[in-house]
Amino acid sequence: MKNKFRTALAFALALPLFAHAGNRWMDNLEPAHWTATWATANKTITAFDAPIDTINNATLRQIVRISEAGSMVRVSFSNEFGTTPLMINEAHVALRDSGSAIVERSSKQLTFSGSNSVSILPGARVVSDAVDMDIANNAEVVISAYLPDDVTGSGSPVTYHVRALQTNYIAAGNQAAAVDLDSAATSTAWHFLASVDVANPWPMPVIATLGDSITDGDQMAAPNEPIDTNVRYPDLLSEAISAGGKTAGVINLGTSGSQVLTSFLEEDPAARLSRDVLAQAGVTHLIYLEGINDIGLPVMLSFLGIPTPVNSAEAIIAGHKQVISIAKAAGLFVIGGTLTPSGGSALPGYNNATTEAKRQTINAWVRDSGAYDAVIDFDSALADPENPAAMRADLTADGLHPNAAGYQVMADTAFAVIGGRLPVKRYEGN
């Protein structure tokens, strides 16, 4: 008891050392000390996506790499894009062994208001009851859910994250409690999964990273996109925070194709900010890196025969201002990321002088306007000194997305800005 009191007191005394921006974000630390340790940005299928995986009387076993440790866990499932109820008959959470296998002794059945099953209404998200579960920083957690219905045959849109860059599993029937799965198919999407929260004896900051495919972790390296590597820049930022002896959850809310302005994904940016960021448990900080698709995509889509109006740099900056206003009103410490170089890309719309001029205008505003509480200069960190419109060749495979080395540079650059503002680590799990 004395040690717990001393730890809590030390944390309380440390708070003034990293308070900033009028202490707005400190007001968001949850009194119950529940904080998001993993989350994803969901959507529904578009014409640009591959067909949805078949889910019919099946168990979904999905792997997520959390950020911050905890001693209790709760899981959120989402049917936010569905038009009919989603039935989950049984769900479990466990630590991963390898492949589709779990560590048997770690497995805990999830309940929902005391029930083993739950029906999620269209447009809704549900949070499981809390379970005791000691998990370490950056551990792999497995969530298994048995869906008894013909989900993909129902006609109801599937709520999912299409580019999980993670091997997940779909097995016939109810295998939610199984140590390993029998005859499972694989998927690289997350289905109906929204977030994982942890509880601790003291509050911790949560950093939400919001953006497009660069935040999502795409590398687009030929011939195949690397998966199961956990080298997205938010993953690596979480590792840097832990290695630096600091504490914060880091949640990745990037999604491929996302834009500052109304997007071809038919998402309203303000609604996405509210759903994907502000709804997360204990979120205190926002890193916002977005805008390159607002410049490049309209040109590329028009090239593909889909006429799309172009966006001015001024309109994109106005969109940034809206995000900043909403996030600051919610008490977040808001950090802007400069747009990364795209001049080495082969994609129409991303590699011309007009695009570069708009990118430089936006980046100058991000750096110099004072609108953001802090700035992470991803542009300068990744740019080729001999050709600043392009990324260094060793940091990218396609000229638009960083590779693993590029994402490490991004994480290191982000930690250099935010690390000193975070509290020291108090708990690492077992």
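Taking the numbering used here, I'd label the letters of the sequence shown as residues 37 to 466. A virtual CB, placed ideally from N, CA and C, is assigned to each residue, including glycine.
Closer than 8 Å to chain D by CB, residue i
| i | result |
| --- | --- |
| V167 | The displayed structure is made up of one protein chain only, and chain D is not part of it. |
Cα-Cα separation between residue i and residue j, rounded to whole angstroms
| i | j | result |
| --- | --- | --- |
| I171 | E326 | 32 Å |
| N78 | S180 | 18 Å |
| A425 | N439 | 17 Å |
| S142 | G379 | 48 Å |
| V198 | A365 | 31 Å |
| S134 | F148 | 28 Å |
| P459 | M240 | 8 Å |
| D312 | G290 | 9 Å |
| I342 | A175 | 43 Å |
| L246 | A363 | 12 Å |
| T320 | N266 | 23 Å |
| S112 | V129 | 12 Å |
| P270 | N210 | 33 Å |
| A221 | Q255 | 24 Å |
| S405 | H356 | 12 Å |
| A212 | T90 | 17 Å |
| I360 | I352 | 13 Å |
| S136 | Y182 | 15 Å |
| R97 | W226 | 9 Å |
| V453 | D252 | 20 Å |
| R268 | A307 | 24 Å |
Whether residue i touches residue j by CB criterion (8 Å)
| i | j | result |
| --- | --- | --- |
| D330 | G293 | no |
| G455 | A382 | no |
| A447 | V242 | no |
| A208 | A389 | no |
| V234 | G106 | yes |
| N92 | D218 | no |
| G442 | T432 | yes |
| S278 | N173 | yes |
| L131 | I138 | yes |
| T397 | A349 | yes |
Cβ shell of residue i (< 7 Å), same chain only, five flanking positions each side left out
| i | result |
| --- | --- |
| D415 | T374, L375, T376, P377, N399 |
| V402 | G372, T374, Y408, V411 |
| S190 | T120 |
| Q316 | A72, A75, S231, V242, A244, I287 |
| I263 | L201, Q202, T203, T224 |
| I272 | Correcting the residue identity first, residue 272 is Leu in this sequence and not Ile. Within the same chain, L272 has close Cβ partners Y443, Q444, A447. |
| L322 | A244, L246, V313, A363, L368, V370, I371 |
| G332 | S378, L383, G385, Y386, T391 |
Neighbourhood of residue i by C-beta distance below 8 Å, restricted to the same chain and skipping five residues each side
| i | result |
| --- | --- |
| T298 | D304, P305 |
| S153 | M123, I124, N125, E126 |
| G150 | D165 |
| P334 | T344, P345, V346, N347, G385 |
| F451 | L273, A276, I277, G280 |
Residue closest to residue i, alpha-carbon to alpha-carbon, out of the options
| i | options | result |
| --- | --- | --- |
| I102 | E275, T224, V313, L146 | E275 |
| M108 | P87, S155, D168, V100 | D168 |
| Q295 | T90, A354, T203, I156 | A354 |
| Q202 | I99, D420, E350 | I99 |
| T188 | D216, S136, L96, I88 | I88 |
| Q358 | Y324, N387, F339, W226 | Y324 |
| N236 | V162, I250, G318 | G318 |
| K394 | F369, L368, I328 | I328 |
| D70 | G253, R110, S155, V370 | In the sequence under discussion, the amino acid at residue 70 is Trp, which differs from the Asp named in the question. Nearest option by C-alpha distance: R110. |
| G159 | F228, L146, V139 | F228 |
| A214 | G253, R161, E140 | E140 |
| P184 | R161, A307, S155, V178 | S155 |
| A472 | M427, V453, E422, L337 | Given that the chain is displayed from residue 37 to residue 466, the structure contains no residue 472 and the question cannot be resolved. |
| E104 | R161, V177, V162, V163 | V177 |
| E261 | D216, N423, H437 | H437 |
Cutoff 6 Å; reference residue i; Cβ partners in own chain excluding five residues on either side
| i | result |
| --- | --- |
| F117 | T80, P193, T195 |
| A419 | P377 |
| K144 | V129, V167, M169 |
| D413 | T374 |
| P421 | none |
| A57 | Because A57 sits at a pLDDT of 46, beneath the cut-off of 50, its placement in the model cannot be relied upon, and the point is left open. |
| N423 | none |
Exposed unless 16 or more other CB atoms sit within 10 angstroms - verdict on residue i
| i | result |
| --- | --- |
| S114 | buried |
| G281 | exposed |
| V445 | buried |
| T391 | buried |
| N387 | buried |
| L340 | exposed |
| L157 | exposed |
| R417 | Per the sequence shown, the amino acid found at residue 417 is Ala instead of Arg. It counts as buried. |
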